[in-house]
Structure formats: structure tokens, C-alpha cells
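For the sequence shown, my numbering assigns the number 2 to the initial residue and increments by one for each residue that follows. Okay, so here's the structure we're looking at.
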Amino acid sequence: MAAAQSSAPSLQSSTPSVQSSAPSVQSSAPSVVNRGVPMRTPAPYAGKPVDSGLKIGATPATAGVLMNSVPLDPSVGLSAAGQQFRFSYSTTNQHGTVSPSTGAVFFPKGKLPVGGWPVLAWAHGTVGLADQCTPSMNPRSPRDADYLNHWLKQGYAIVASDYAGMGTEGLMSYLNGKSTAANVVDSVIAAQSLPAVKQGGQALSKKWAVIGQSQGGGAALHVALRATQRSKQAGLNFLGTVATGAPAYVEEIVLAGSPSFPPVPLPAGLNTYALYILAGFREANPNVDVDSALTPEGKRMVKAAEESCLPELSESLKGTNVARAFSKPLRTVPGLEPALRAYMQTPATGYDKPVFLGHGLLDKDVPTPIGIILNSDMWIHQFIGDMQKRNKRVEVHWYPTDHGGTVPASQRDSTPFLANLFRQG
Numbered sequence: 002m003a004a005a006q007s008s009a010p011s012l013q014s015s016t017p018s019v020q021s022s023a024p025s026v027q028s029s030a031p032s033v034v035n036r037g038v039p040m041r042t043p044a045p046y047a048g049k050p051v052d053s054g055l056k057i058g059a060t061p062a063t064a065g066v067l068m069n070s071v072p073l074d075p076s077v078g079l080s081a082a083g084q085q086f087r088f089s090y091s092t093t094n095q096h097g098t099v100s101p102s103t104g105a106v107f108f109p110k111g112k113l114p115v116g117g118w119p120v121l122a123w124a125h126g127t128v129g130l131a132d133q134c135t136p137s138m139n140p141r142s143p144r145d146a147d148y149l150n151h152w153l154k155q156g157y158a159i160v161a162s163d164y165a166g167m168g169t170e171g172l173m174s175y176l177n178g179k180s181t182a183a184n185v186v187d188s189v190i191a192a193q194s195l196p197a198v199k200q201g202g203q204a205l206s207k208k209w210a211v212i213g214q215s216q217g218g219g220a221a222l223h224v225a226l227r228a229t230q231r232s233k234q235a236g237l238n239f240l241g242t243v244a245t246g247a248p249a250y251v252e253e254i255v256l257a258g259s260p261s262f263p264p265v266p267l268p269a270g271l272n273t274y275a276l277y278i279l280a281g282f283r284e285a286n287p288n289v290d291v292d293s294a295l296t297p298e299g300k301r302m303v304k305a306a307e308e309s310c311l312p313e314l315s316e317s318l319k320g321t322n323v324a325r326a327f328s329k330p331l332r333t334v335p336g337l338e339p340a341l342r343a344y345m346q347t348p349a350t351g352y353d354k355p356v357f358l359g360h361g362l363l364d365k366d367v368p369t370p371i372g373i374i375l376n377s378d379m380w381i382h383q384f385i386g387d388m389q390k391r392n393k394r395v396e397v398h399w400y401p402t403d404h405g406g407t408v409p410a411s412q413r414d415s416t417p418f419l420a421n422l423f424r425q426g
């Protein structure tokens, strides 16, 4: 995700020394990191969120409980859906307490199959942390709409969590594997109690799988680590995972944050991800003094990350070096390193159901070399290591695409992968 300093040694020329008659000129190259330009104030959100009239409702004492539901406003729906709803439900947040979350459920068109519509849980990618960015209150991006419409046309119902803190109390815990996984699993459990399912002529199968891209790809992998047991407790059957563009070892890059890193300004998108991580981590870990490593500008950047959606924050960071955010190396903050690893690290082992991994060879958001490491680790751990933690089955697929292009490119392989899971499950 970040440009790395070159490790190549400086090589002296082996040619004889020749005195030049030209005057000596001192280099004008700077001796410090290029810190780029200051972050500009993000523009106001350009969208118009639609809440579909949903009242969140009172939060029950246990997670996975449906709270309220309403028909989803067509302006934020999917064209291939028959019926579609926005709903609120209870889940476990990043602080380990039961809190509300919201999401959307999309039913396919056509005849209801025996046993109900097979279910895909959609784990969405990065849109921002603020309430106005909430996916179920905004039109899906053209790429995501095409992707989700594809699965509806294949006969799958889609349950799409917004994640706790988006449109509900608190802050969404960006790239927090444990809490985001809980949000996704609880959304599937709660959707089984929708009025449309209970007495409205629809039915959801007990069988389900998870699909996700980017932030959602990481969430999908964390779902895969935890869903089997939680599903059994709720009378459901978790079958497997499709994860594309999944973040890999991003915590190592964040831990390198310092006044001298990176050596050149990052692309705005990568700056944005780094700030979303810091914002989410800081909120989830109040006992870790993240602010002690931030400059005044850095605190302003993290505050903007809490309040701004992806397009606006990315635009405000163009030409900015994220090194401007740090007054000292982030790694030196007491307790930060183990807490950050616990917050976002994606394990390479422990997957008890099949996993499909898709990654683009031209990916710059989750750079290809990093993706290779995680994908290779997960693949090889089908065959080595503790028998109890070996991965059951991992398929790795590479595509000649960038980060976003992997989503449509992977469908030709992920479609039969999922069809086989549901047929065999």
C-alpha cells in the first residue's frame, strides 16, 4: 500500500577519476522526506442518503435479532431484485457490547425454490466511516450493482450488512476483523426473521456463503474463521467464502508510519485507507494513545476520516504525504503494536470451509506482492502445519486487472465455485 524505500546499495564507479573544468555545483536535492502539500478540507458529501423510512428501534440484549424492517426505496435498490428491504438488527460491536446495525436484503425475481433462496452475505468495500456513507442509504456503485445483480440473476438472495456504526450509534470499526465478521454473521441470522420470510411468501435457505471485495474481502475472510460455530448455534449452515482484493498484512505498513515514511507522496487512495484505519483503531482502542504520535495536522486528518466519505477524503489528500500526520514513529506508542495486530491481522490458517481468493496482478490498492504472500500462505497451509488448523480448501485465482477490475473478472470462476458449494452443502 505504500511506496518502499529502496534497499539497493549506492555503487561507486570503477572508472578512473577525471578532473572536470566545470565549476563545482552543490546538489539541490532535499535531505528530508518530500512531505507533499497539506491536506485540503474535504468537500461536503455530494450524495443524498435515503433512509427508506426505517426506524432503528430498541436494541435487544442479544445479537442476531431483527429489530425493524421496511421496503427499500427503489432509488437505492438493485434492478435484478424482486423484493428488497432495509432492516435493523442487533450485533456485537468493536467494544464487545450489543449494538444496532442496519443492512439490506435483496430477493431474486422468479419462483421461490424448495427450501428457500440460497443466501449470499455481501461484505461491502471501503465507502467511508460516516453515517452519510452508509451503503443501504445510497445507490450502489455501478461495479457493485452489476456484481450483486449477477448473483440475484443466479438465484441467490443477498444480505448486505452496513456494519455497526454506519447509520447507527458509534463509529464503524474499519478493517476490524472480529467485529465486522460478527456484524455480517448476525445480519444473516436476523434476516431469517424478516416479515417477508415469516409470513410474506419469501423464504431463505439455511445454507449461506459470504462474498466480499477489498475491505469486504478482508471481512469475508474473518467471517470464514468464525461463521461455522455461530451458524450452527442459529440453525444455519455456513458453506464457504469468496474474497477478492482482500487486504493482506496491512498492519505492517501502518506500523511503519512515521515522520519519514513514505519517501514520496502516496496515491490519495492509499492515504485514505491509512487514515480510516487510524480513525477506526483509535476509537476501538481508547487505552492506546494514538494521538501522542500525531501532529496537529495528523489529528485533523483522522478527524476528517471519521466524517468524510471515500471520494471526498481521497480528493482532499491528493499530493499529500501521510508522513505529515506523524510527530513520531507510530510503533513507539506503548501497547499499539499488539493491539493493532489483534484489531486487523488476517490469519493464514484456521479456515474450515472452502475459500476462493481472487486478486489482480495490477492491484495498487492491495499491492500484488502483498497479495501473493497472503494467498500463498493460505494455499500452502492446506498441506502443512497443525492438522487442527489446516485450511480445508483454498483456491487462488489471479487476473490481469487492477483492484476494482478483479470483481467482474472473478465471476467466471466464483460462479461455479459457489454453485458447487451449495450443491454439495
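Heads up, the beta-carbon is just placed ideally off N, CA and C, and yes, glycines get one too. Keep in mind it's a predicted model, so treat the numbers as computed, not measured.
* For the candidate residues P72, A165, N286, whose alpha-carbon lies nearest to that of S102? -> By one-based count along the sequence shown, residue 102 stands at place 101. Of the candidates P72, A165, N286, the residue whose Cα lies closest to the Cα of S102 is A165.
* To do: Return the CA-CA distance between A410 and K300, expressed in angstroms with no decimal places.
  => Within the sequence shown, numbered from 1, the residue matching residue 410 stands at position 409. Within the sequence shown, numbered from 1, the residue matching residue 300 stands at position 299. Their backbone Cα atoms lie some 39 angstroms apart in a straight line.
* **Whole-angstrom distance between S188 and T60, CA atom to CA atom** => Numbered from its first residue, the sequence shown carries residue 60 at position 59. Numbered from its first residue, the sequence shown carries residue 188 at position 187. T60 and S188 have their C-alpha atoms some 14 angstroms from each other.
* Determine the DSSP secondary structure at E170, reduced to helix, strand or coil. => Position 169 of the sequence shown, counting from 1, holds the residue named residue 170. DSSP, reduced to helix, strand and coil, places E170 outside both helices and strands of the structure shown, so it counts as coil.
* To do: Check whether the Cβ of R332 lies closer than 9 angstroms to any Cβ atom in chain C.
  => Among the chains in the structure shown there is no chain C, since it carries only a single protein chain.
* Determine the direct distance from the alpha carbon of V66 to that of V367, and round the result to whole angstroms. => Mapped onto the sequence shown, residue 367 falls at position 366. Mapped onto the sequence shown, residue 66 falls at position 65. Their Cα atoms are separated by approximately 35 angstroms.
* To do: Can you give me the start and stop residues for the beta strand (DSSP E) that Q85 sits inside?
  => Walking along the sequence shown from the start, residue 85 turns up at place 84. Where Q85 is concerned, the enclosing beta strand (DSSP E) stretches over 82–93.
* To do: Determine the direct distance from the alpha carbon of L311 to that of G171, and round the result to whole angstroms.
  => Here residue 171 refers to the residue found at position 170 when the sequence shown is read from its first residue. Here residue 311 refers to the residue found at position 310 when the sequence shown is read from its first residue. Approximately 18 angstroms, taken between the alpha carbons.
* Between the Cα of V395 and the Cα atoms of G405, H382, A47, D387, which residue gives the shortest distance? -> The count along the sequence shown starts at 1 and reaches residue 395 at position 394. Residue nearest to V395 within the set G405, H382, A47, D387 is H382 (criterion: CA-CA distance).
* Any idea what DSSP makes of N238, helix, strand or coil? -> Along the sequence shown, one-based indexing puts residue 238 at 237. Note: N238 maps to strand in three-state DSSP.
* How would you label L362, buried or exposed, when you count the other beta carbons within 10 angstroms and need 16 or more for buried? -> The residue you call residue 362 lines up with position 361 of the sequence shown. Residue burial annotation: L362 is exposed, with fewer than 16 other C-beta atoms found within 10 angstroms of its C-beta.
* **Residue burial classification, S174 (beta-carbon count within 10 angstroms, cutoff 16)** => Taking the sequence shown and counting its residues from 1, the one referred to as residue 174 is at position 173. Using a 10 angstroms sphere on the CB of S174, the tally of other CB atoms reaches 16 or more, which defines it as buried.
* What is the rounded straight-line gap between the Cα of R424 and the Cα of A305? -> Along the sequence shown, one-based indexing puts residue 424 at 423. Along the sequence shown, one-based indexing puts residue 305 at 304. Cα to Cα, the separation comes out at about 46 angstroms.
* Proximity of V408 and R231 at Cβ, strictly below 9 angstroms -> Taking the sequence shown and counting its residues from 1, one reaches residue 408 at position 407. Taking the sequence shown and counting its residues from 1, one reaches residue 231 at position 230. No, these two residues do not count as a Cβ contact at 9 angstroms.
* Asked: Cβ atoms of S315 and T273: under 9 angstroms apart, would you say?
  -> Here residue 273 refers to the residue found at position 272 when the sequence shown is read from its first residue. Here residue 315 refers to the residue found at position 314 when the sequence shown is read from its first residue. Cβ atoms of T273 and S315: closer than 9 angstroms.
* Buried or exposed: where does M2 fall if 16 or more other Cβ atoms within 10 Å of its Cβ makes it buried? -> Translated into the one-based positions of the sequence shown, residue 2 becomes position 1. Because the pLDDT at M2 is just 42, under 50, the model does not fix this residue reliably, and the value given afterwards should be weighed accordingly. The residue in question, M2, is buried, as its Cβ has 16 or more Cβ neighbours within 10 Å.
* **DSSP-derived helix/strand/coil call for N69** => By one-based count along the sequence shown, residue 69 stands at place 68. Taken through DSSP and simplified to helix, strand or coil, N69 comes out as strand.
* Exposed or buried, which one is D163 when buried takes at least 16 other CB atoms within 10 Å? -> Here residue 163 corresponds to residue number 162 of the sequence shown, with the count starting at 1. Residue environment: D163 is assigned as buried (16 or more neighbouring CB atoms within 10 Å of its CB, all protein chains considered).
* Asked: Ends of the alpha helix (DSSP H) at H151?
  -> Within the sequence shown, the letter at position 150 stands for residue 151. The continuous alpha helix (DSSP H) containing H151 extends over residues 143–154.
* Could you pull the start and end residues of the beta strand (DSSP E) that K56 belongs to? => Counting from one through the sequence shown, the residue named residue 56 turns up at place 55. Counting along the chain, K56 falls outside any beta strand (DSSP E), and DSSP gives it neither H nor E.
* Given a threshold of 16 other Cβ atoms within 10 Å of its Cβ, counted over all protein chains shown, does P417 qualify as buried or as exposed? -> The sequence position of residue 417 within the sequence shown is 416, counting from 1. An exposed status is given to P417, since fewer than 16 other beta-carbon atoms sit within 10 Å of its beta-carbon.
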